[in-house]
Structure formats: structure tokens, C-alpha cells
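Take a look at the structure set out below.
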Amino acid sequence: DSGVTQTPKHLITATGQRVTLRCSPRSGDLSVYWYQQSLDQGLQFLIQYYNGEERAKGNILERFSAQQFPDLHSELNLSSLELGDSALYFCASSVGQGSDSPLHFGNGTRLTVT
Amino acid sequence: GENVEQHPSTLSVQEGDSAVIKCTYSDSASNYFPWYKQELGKRPQLIIDIRSNVGEKKDQRIAVTLNKTAKHFSLHITETQPEDSAVYFCAASRQTSYDKVIFGPGTSLSVIP
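In order, the protein sequence lines correspond to chains A and B.
Everything in the first sequence is counted per our numbering, starting at 357 for the first residue and increasing by one.
Everything in the second sequence is counted per our numbering, starting at 2 for the first residue and increasing by one.
See below:
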């Protein structure tokens, strides 16, 4: 168990809908990262937060947004969903502010858009 | 921005043989290079990492080497076992506050009993 909690585990929704994915980092970790993993694909970096502030951004679509709350949990909001958004979404946390700390991944949320 | 390439994309070895996975990175300022293992249906997990002030690091059957001049680093697994079968991802990042951890596309390793 990595200590990173992601909910829900599975999510099935229709095109055009909006969903929210939730992540609770390991106790003591201040950084949260979001990654998208499509079928048989790699880990595409979406966004990173540190102690409530956005720190780095990847190729995150404008339809996607995220935030990190004062209690350090993070939410990834996906709107106007398309079939191509179906993927496994991972949250990871690390202890430091820098990108040189090991990432601890949650078990992911599998999103299916029908 | 940083780009990480990884080869091969798939690799099959006989149990007991060695496996080598190679990665190249584009950003010469990158100085942290972790490797993650993702078993089927599971989350990625860190197996070993190396920083730019070190040329090689070993942990039991796995080792990582780094060539900063050529901007490439490699994962070596010796005496492979069936439980080593997984997808392996390399990554590169700078040791700064505002950098993203960029992963390579992954290598699917199959160890044949």
C-alpha cells in the first residue's frame, strides 16, 4: 500500500458529462501529481501541485482542471467528456517540493466514457 | 521541454538471462533519473533511482548506469525471474521546485520460464 488514496476506483459516464476524481496524498507529502494512462500507453503528465499551489503543467486539456485543497487532497475535474478521455488516471504524491523525490502512486481511477 | 525516449518497447528474455532497457533524455539540466515498474493492472512503483552525481547504482539484481555526456541511462536486471515481467518506465527531471517528472513510453518485459 503506497498510502495514496484515489476515489472512485471505477467511473463510467457518458460523453459530454463532467466527473471529479479525488486523491489523498501520503501523510506528510505536500506535492500531488496527476497522470493519464491510456490503454497500452505511457504515463502522460497532466499537472503538479505543491502545498495548494500549481507548480508545473503538462499537456492538460482546457476541459480538465485540478486543484489542491488546504488539507492537501486534490481533485481532478474532467468536463465535456469525450470517448478519447477513457483512461486510467493516476495520482502520485511526493514529500518534497522539488521533482527529485520518488513518486508514490495511488491505485488509479479507471474512467470509461461511453 | 524534456523528452524521454526508451528502447526497446518490448523485450522477451529467458528466465535467468539479463535484461537491459535504455533511455535517452533531451534536457541537459536533468539530474534525477528514477525507474518505475508497473505490473499488469497495478500502479507504478519506484524500483531504483540515480542522481547525476553518480555514474552507477546497484540494488541486488538491478542496476542503473548514467552517461551524462551522452544523455542516456540504462536499467540492468540480472538473473531475471518470471516476477520481473512488467512494464518498466524510465523518467527524467530537474532537481528544482518547478519541474515535471516526464516518463519514457515504457518497455514491456516478459520473462519466459
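Idealized CB from N, CA, C, for every residue including glycine.
These numbers were taken from a predicted model, which means no experiment stands behind them.
Taking its Cβ as the centre, do 16 or more other Cβ atoms sit within 10 Å of residue i, making it buried, or is it exposed?
{"i": "A/Ala-422", "result": "buried"}
{"i": "A/Asp-427", "result": "exposed"}
{"i": "A/Arg-411", "result": "buried"}
{"i": "A/Lys-365", "result": "exposed"}
{"i": "B/Ile-113", "result": "exposed"}
{"i": "A/Thr-468", "result": "exposed"}
{"i": "A/Ile-368", "result": "exposed"}
{"i": "B/Pro-9", "result": "exposed"}
So, for residue i: in the same chain, excluding its five sequence neighbours on each side, which residues have a beta-carbon less than 6 angstroms away from its beta-carbon?
{"i": "A/Gly-408", "result": "Gln-424"}
{"i": "A/Ala-413", "result": "Per the sequence presented here, residue 413 of chain A reads as Lys, with Ala not at that position. Here the set comprises Ile-403."}
{"i": "B/Ile-51", "result": "Phe-34, Lys-58, Val-65 and Leu-67"}
{"i": "B/Asn-4", "result": "Ser-27"}
{"i": "B/His-77", "result": "Val-21 and Ala-64"}
{"i": "B/Ile-49", "result": "Trp-36, Asp-60, Ile-63 and Val-65"}
Taking residue i as the reference, give the member of the options with the closest Cα.
{"i": "A/Glu-418", "options": "A/Glu-410, A/Val-451 and A/Asn-433", "result": "A/Asn-433"}
{"i": "B/His-73", "options": "B/Val-14, B/Ile-49, B/Cys-91 and B/Lys-43", "result": "B/Cys-91"}
{"i": "B/Ser-111", "options": "B/Ala-87, B/Ile-103, B/Ser-19 and B/Arg-95", "result": "B/Ala-87"}
{"i": "B/Thr-70", "options": "B/Ile-78, B/Ser-29 and B/Val-55", "result": "B/Ser-29"}
{"i": "B/Val-55", "options": "B/Leu-41, B/Ser-13 and B/Asn-32", "result": "B/Asn-32"}
{"i": "A/Arg-466", "options": "B/Arg-44, B/Tyr-89 and B/Ser-94", "result": "B/Arg-44"}
{"i": "B/Gln-82", "options": "B/Val-102, B/Gln-7 and B/Gly-17", "result": "B/Gly-17"}
{"i": "A/Tyr-475", "options": "A/Ala-443, A/Thr-371, A/Leu-377 and A/Cys-447", "result": "Nothing in the structure corresponds to residue 475 of chain A, since chain A is present only between 357 and 470."}
In chain A, which residues lie less than 7 angstroms from residue i when you measure between Cβ atoms?
{"i": "B/Pro-106", "result": "Gly-398"}
{"i": "B/Asp-50", "result": "Pro-458"}
Please list the partners that residue i has in chain B, where partner means a Cβ-to-Cβ separation under 9 angstroms.
{"i": "A/Leu-459", "result": "Pro-35, Tyr-37, Pro-45, Leu-47, Ala-92 and Val-102"}
{"i": "A/His-359", "result": "Note that residue 359 of chain A is Gly in the sequence shown, not His. Residues of chain B passing the Cβ test: none, with the nearest at roughly 11 angstroms."}
{"i": "A/Asn-407", "result": "None at all; the shortest Cβ gap to chain B is about 11 angstroms."}
Residues in the same chain with beta-carbon distance under 8 angstroms from residue i, minus the five sequence neighbours each way, listed in chain order, please.
{"i": "A/Gly-384", "result": "Val-451"}
{"i": "B/Val-14", "result": "Ala-20, Thr-81, Leu-110, Ser-111, Val-112 and Ile-113"}
Could you name the residues of chain B that residue i contacts, counting a contact when the two beta carbons are closer than 8 angstroms?
{"i": "A/Phe-401", "result": "Lys-101, Val-102, Ile-103 and Phe-104"}
Q. In the stretch 415-456 of chain A, which residue ranges form an unbroken alpha helix (DSSP H) of at least 4 residues, counting only runs that do not cross its ends?
A. none
Q | Within the stretch 35-93 of chain B, ranges of the beta strand (DSSP E) (whole runs, at least 3 residues) | A | 46-52, 57-60, 63-68, 73-78 and 87-93
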